[in-house]
Amino acid sequence: MAEVELRAVTKNFGKVAVCRGIDLQVADGEFVTLLGPSGCGKTTTLNLVAGLEDASAGDILIGGRRVNDFTPFERDVAMVFQNYALYPHMTVAENIGFTLRLRGIGRAGRRQRVAEVAESLELSGVLDRLPAQLSGGQQQRVALGRAIIREPQVFLFDEPFSNLDAGLRIKMRAEVKELHQRLRVTSIFVTHDQEEALSLSDRIAVMREGAIEQYGTPAEVYARPASKYVARFIGSPPLEFLPGRVEGEGGLPVFRVGAAAFPLPLRTAERLVQGAQTFALGVRPEHVVLSPAGIRATVRLAQPVGPATFVTLAWEGGELVARVPGMASFAAGSAVHFQVDREEHLMFFDDHQGRRLATE
Amino acid sequence: MAGRRVGRLVGPSIVVVGLALFVVITIGPLAWLVISSFMEQQALTTRPPDFSAASFTLANYTGVFAAAAQLGQGFANSFLVALFTTAVAIAVGAPAAYALARLELPGADAILLMILGTQMLPGIVIAIPLFIVMSHLGLVDTRSALIIVYLSFNLPIVIWILRGFFLAIPRGIERAAAVDGATTAQIFRLIVLPISLAPLFATGVFAFIESWNEFFFALILTRQSARTAPLVISQFAGQYQTVFGQMMAAAALAIAPVVALAVLFRNMIMKGFAEGMVKG
Amino acid sequence: MGTLEQRRRRAGYAALAPALLILVLILAYPIVDSMLLSLQDLRAAGGTFEGRFIGLSNYGALLEDRTFGAALSATAYFTAIEVVVVVLLALGVALLLVHPFGRFGIFRIVLLLPWAIAPVANAVLWKWILHANYGILNVLLLEVGLIDRNVVWLGTARMALHTVLAVDIWKSVPFIAILLLAGLSKVPPVLYRAARLDGANAWEQFLHITLPQLRPTIAVAVILQTLWSLRIFDLIFVLTKGGPADGTVFLNFLAYRTTFNFLDLGYGAAIANVVFAVSFVLALGYIWLLQPGLQRAGS
Chain A
1 MAEVELRAVT KNFGKVAVCR GIDLQVADGE FVTLLGPSGC GKTTTLNLVA GLEDASAGDI
61 LIGGRRVNDF TPFERDVAMV FQNYALYPHM TVAENIGFTL RLRGIGRAGR RQRVAEVAES
121 LELSGVLDRL PAQLSGGQQQ RVALGRAIIR EPQVFLFDEP FSNLDAGLRI KMRAEVKELH
181 QRLRVTSIFV THDQEEALSL SDRIAVMREG AIEQYGTPAE VYARPASKYV ARFIGSPPLE
241 FLPGRVEGEG GLPVFRVGAA AFPLPLRTAE RLVQGAQTFA LGVRPEHVVL SPAGIRATVR
301 LAQPVGPATF VTLAWEGGEL VARVPGMASF AAGSAVHFQV DREEHLMFFD DHQGRRLATE
Chain B
361 MAGRRVGRLV GPSIVVVGLA LFVVITIGPL AWLVISSFME QQALTTRPPD FSAASFTLAN
421 YTGVFAAAAQ LGQGFANSFL VALFTTAVAI AVGAPAAYAL ARLELPGADA ILLMILGTQM
481 LPGIVIAIPL FIVMSHLGLV DTRSALIIVY LSFNLPIVIW ILRGFFLAIP RGIERAAAVD
541 GATTAQIFRL IVLPISLAPL FATGVFAFIE SWNEFFFALI LTRQSARTAP LVISQFAGQY
601 QTVFGQMMAA AALAIAPVVA LAVLFRNMIM KGFAEGMVKG
Chain C
641 MGTLEQRRRR AGYAALAPAL LILVLILAYP IVDSMLLSLQ DLRAAGGTFE GRFIGLSNYG
701 ALLEDRTFGA ALSATAYFTA IEVVVVVLLA LGVALLLVHP FGRFGIFRIV LLLPWAIAPV
761 ANAVLWKWIL HANYGILNVL LLEVGLIDRN VVWLGTARMA LHTVLAVDIW KSVPFIAILL
821 LAGLSKVPPV LYRAARLDGA NAWEQFLHIT LPQLRPTIAV AVILQTLWSL RIFDLIFVLT
881 KGGPADGTVF LNFLAYRTTF NFLDLGYGAA IANVVFAVSF VLALGYIWLL QPGLQRAGS
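Residue numbers (the working numbering), protein chains in the order written: chain A, 1 to 360; chain B, 361 to 640; chain C, 641 to 939.
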């Protein structure tokens with residue numbers, strides 16, 4: 001069994017705490033992503049799991065065994081690096097077979113295993129080439145091959161696609177996902193690309209300044225973000241928050257933002273009004289629809305992106321982005337009406353700590 | 361880019377004149393060294409010198425080995441000392457440079473500064489104590505003494521230059537090797553060294569040149585048997601009766617190998633040394 | 641056995657140890673010993689060394705030693721002029737080589753040559769060039785009419801000093817030019833573009849962009865050249881042996897002569913330590929200048 005567990009793991013560089021008390025459990029065969037902006041500690045966390053750096057405090061367990069004092073090789077992990085990190089003076093075959101050579105496996109044995117791995121990654125034709133002679137996608141696959149041949153307990157990925165151009169990135173994403181479905185090896189993946197995290201992972205750990213802000217399935221972090229930070233980080237374009245207050249209107253509770261009033265279901269209103277706090281409202285663009293029965297606003301900006309158009313709507317007191325299907329055109333300044341399609345899609349956050357107020 | 365700006369600072373004719381002057385002044389003396397080494401004493405001692413075809417000869421080169429006592433031995437000594445010094449400097453210096461570049465040693469910065477500082481020492485300061493030590497050890501006038509002493513200024517340079525090159529190797533490659541199961545020594549031997557062959561070689565050439573050209577310590581520490589080429593040449597030039605052509609031939613022979621090496625490896629030398637001193 | 645970090649650190653100490661050991665033995669020990677020697681009256685006679693402790697007397701004697709005083713001022717004069725002239729000329733050469741006309745590799749090869757040749761060979765060459773009767777310099781100058789009879793370049797103390805100065809400048813300019821070239825190539829071209837857009841002409845660009853950006857490199861060049869000027873030896877030994885009339889006795893040469901010709905090791909060590917002290921202070925300045933670069937390189 002290759003579960004990975006981090007208990008209160010901390011890493012200090014001098015006086016700076018890069019990782020602060022991280023708790024994480026990855027189940028056997030699970031694909032987990034550490035997601036966050038640069039500097040949030042995700043790469044350091046990965047390096048701690050790998051054993052490339054020593055933890056200042058806490059326990060790291062792989063397969064139930066405490067591995068803090070073991071080298072990466074002893075931990076039986078394999079890693080795919082940013083910039084692939086292929087050995088430039090060795091051929092593809094030598095790159096992939098290096099780990100076997102270090103273990104003392106003879107040339108014949110290596111050739112066999114390398115050929116198998118190369119075949120599974122469609123690299124059989126380039127085994128004698130040097131990394132400099134390969135395309136970006138091929139180099140990435142050699143990096144994968146180098147990790148696969150280890151047959152490790154855990155795969156670790158350190159932003160492997162961030163240097164690829166958009167088309168190649170999406171293609172490699174699919175390959176990694178397919179690889180995981182095939183091999184079912186416990187994997188920890190680091191990225192700052194939220195779309196990548198959503199598409200690849202069984203669970204996502206959204207990190208912020210050295211700690212995990214939320215750890216859940218893609219659906220959870222998307223639809224039920226734990227805080228403003230998570231809500232903003234996940235989803236594209238980034239969510240905007242509207243400050244407002246709970247008021248009564250005609251006997252029913254509403255959330256007033258400037259001239260707009262969003263109807264609130266009773267139970268939501270009850271939860272919100274506990275304590276004198278200000279709130280912020282967030283709604284994802286795909287849940288904002290243009291409908292004649294809605295709140296009046298003017299179009300400030302319309303950005304068509306192909307399958308949809310993102311329309312920025314402005315009214316006194318706030319701005320929201322609506323996602324309109326297809327390539328639509330709107331004249332700036334034209335008047336429209338909008339509303340939120342379902343009450344469940346209203347997300348409320350307290351302004352104090354930014355935590356989302358659960359309304360289920 | 362700076363060039364275009366300079367171009368408008370002064371007219372092109374001035375640049376051409378400047379470049380021409382530069383070349384003539386720099387190459388002129390060296391050209392004369394070579395030319396006069398092929399000329400007979402007669403031709404050189406008439407005023408003006410006789411440049412007719414009859415004046416040119418190879419006699420200086422053949423004669424200098426007889427005239428300059430132990431010139432051949434001097435070259436042999438120079439070669440051996442330079443070779444061994446370079447070999448040891450690289451063998452000891454490369455791992456040290458790697459340790460300082462990559463192995464995250466506390467106090468590495470301080471050690472580095474000290475190593476840099478050693479470059480600033482005038483040789484005379486250590487020459488006197490070393491002379492006394494070598495005398496006690498009976499090592500005066502031996503090649504070994506020279507090799508040991510030459511290490512004192514070659515080793516720091518080698519460490520400094522190689523450290524600069526090792527720093528440029530992407531960390532990811534070494535990490536990948538560690539994950540693949542390589543020990544630190546294996547990473548150094550199987551990954552770092554193979555991709556550093558050019559800088560290693562160029563640094564070796566640099567150390568070789570510095571050793572070959574060295575005079576001061578050779579003067580102090582050698583007498584008869586371990587004399588190096590620069591020493592023989594200076595003694596030869598100090599004699600009362602000099603055949604000028606022979607003097608030049610000796611000098612030409614001494615500088616030829618070094619010039620050849622310097623030209624061959626000029627890119628590496630200029631890059632590594634000059635930029636290593638200009639950091640940032 | 642330990643974690644990766646621990647093992648790497650251990651390997652690092654092992655890798656560094658031999659080099660440090662050698663350096664301590666060959667450098668640190670002699671430096672300390674040199675201090676001790678200078679506190680003794682130590683002479684070499686008939687193959688043995690006889691010495692007794694006399695405290696700072698050697699240094700006291702230095703203060704009253706006319707020869708030492710002369711050597712000190714000669715060295716200061718020589719060094720100051722050489723540094724200024726070398727850096728200025730080298731800057732000019734570097735600027736020439738950065739010009740489109742100077743792009744060719746051949747010029748850079750020319751630059752390397754004076755550095756590559758052994759200082760002794762260089763000295764022997766110039767001994768020949770400067771020969772009063774047959775040296776090519778006098779021949780050329782006579783032909784051209786700049787002089788009307790042979791100049792004995794090393795004839796008087798003053799002339800010898802300046803001749804040696806000129807020769808050493810010839811040898812030193814190319815390497816400093818290489819240094820400055822490296823510094824010039826580091827100036828971001830975008831700065832020139834921005835200045836041009838702001839309306840600066842070529843001279844203003846040179847003054848306000850090139851020179852300021854080049855300042856650290858120039859500082860390094862100045863310190864390096866100073867240190868090398870202080871060490872001048874081969875040229876003196878071959879050309880003048882300190883003469884005429886001790887006119888070209890510089891500090892470094894004086895230390896050598898005192899120790900190995902007059903066999904007064906204690907006194908010679910004292911002189912050597914003075915040279916060392918001056919170099920040390922300069923070296924500190926050099927290291928202080930390089931500090932930011934070191935930290936950046938270490939990350």
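Glycine included, each C-beta is placed from N, C-alpha and C at the ideal position.
Being a predicted model, the structure only gives us computed values, none of them experimental.
Listed along chain A is no residue with a C-beta nearer than 8 Å to that of Arg833 (chain C); the closest approach is about 28 Å.
In this structure, the CA atom of Glu645 (chain C) is about 30 Å from the CA atom of Leu665 (chain C).
Within the model, the alpha-carbon separation for Glu316 (chain A) versus Arg256 (chain A) is close to 11 Å. Legend: CB atoms of the segment 41-70 of chain A lying less than 8 Å from CB atoms of chain C belong to residues Gly51, Leu52, Glu53, Asp54, Asn68, Asp69, Phe70. Beta-bridge analysis with DSSP links Ile188 (chain A) to A:Val32, A:Leu156. Ala487 (chain B) is positioned such that its CB atom lies closer than 8 Å to that of Phe577 (chain B). In the structure shown, the three-state DSSP call for Ala734 (chain C) is helix. Within chain B, the C-beta atoms nearer than 8 Å to that of Arg103 (chain A) come from Gly541, in chain order. A Cβ of chain B is located within less than 8 Å of the beta carbon of Phe81 (chain A). Any Cβ of chain C closer than 8 Å to the Cβ of Pro218 (chain A) would place that residue at the interface, and such an atom is absent. Any Cβ of chain B closer than 8 Å to the Cβ of Ser812 (chain C) would place that residue at the interface, and such an atom is absent. Setting aside the 5 residues that flank it on each side, Tyr907 (chain C) is surrounded in the same chain by Asn698, Thr898, each with a C-beta closer than 6 Å to its C-beta; the list follows chain order. In chain order, Ala758 make up the part of chain C whose C-beta sits under 9 Å from the C-beta of Trp572 (chain B).
Here Thr33 (chain A) is not near Ile295 (chain A), since their CB atoms are 8 Å or more apart. Taking the Cα of Tyr896 (chain C) as reference, the smallest distance to any Cα among B:Met399, B:Pro489, B:Ala461 is reached at B:Pro489. Among the CB atoms of chain A, one or more fall inside 8 Å of the CB of Ile555 (chain B). Judged by DSSP in its simplified three-state form, Pro617 (chain B) adopts helix. Under the Cβ distance rule, Pro72 (chain A) counts among the residues neighbouring chain C, one pair being separated by less than 8 Å. Pro884 (chain C) sits in coil when the DSSP states are folded into three classes, being neither helix nor strand.
The Cβ neighbour count for Gln139 (chain A), taken over all protein chains shown within 10 Å, is at least 16; the residue is labelled buried. In this structure, DSSP gives Pro409 (chain B) a state outside helix and strand, which the three-state scheme calls coil.
Annotation for Asn12 (chain A): the continuous beta strand (DSSP E) segment containing it runs 4-13. At a cut-off of 8 Å between beta carbons, Leu837 (chain C) makes no contact with chain A. Under the Cβ distance rule, Pro852 (chain C) does not count among the residues neighbouring chain B, no pair being separated by less than 8 Å. For Ala538 (chain B), the neighbours in chain A by C-beta distance under 8 Å run, in chain order, Leu52, Thr71, Pro72, Phe73. Contacts with chain B at 8 Å (Cβ-Cβ) do not include His848 (chain C).
For Met347 (chain A), no alpha helix (DSSP H) encloses it; the enclosing beta strand (DSSP E) starts and ends at 347-350. Secondary-structure assignment with DSSP links Val394 (chain B) through no beta bridge to anything. The beta-carbon separation of Ala567 (chain B) and Ala449 (chain B), rounded to 5 Å, stays under the 8 Å limit for a contact. A residue is called buried when at least 16 other Cβ atoms come within 10 angstroms of its Cβ; Thr446 (chain B) meets this threshold and is buried. Under the DSSP definition of a beta bridge, Ile204 (chain A) partners with A:Thr33, A:Gly216. Distances from the alpha-carbon of Gly432 (chain B) to those of B:Gln546, B:Leu560, B:Ile593 put B:Ile593 closest. Assigned with DSSP and collapsed to three states, Gln25 (chain A) falls in strand. Between Ala730 (chain C) and the set C:Ala909, C:Leu854, C:Asp788, C:Val915, the nearest pair of CA atoms involves C:Leu854. Shown here, Phe70 (chain A) sits in coil according to DSSP, grouped into three states, outside any helix or strand. Per the C-alpha coordinates, the member of C:Leu924, C:Asn913, C:Ala923, C:Leu905 positioned closest to Phe693 (chain C) is C:Leu905.
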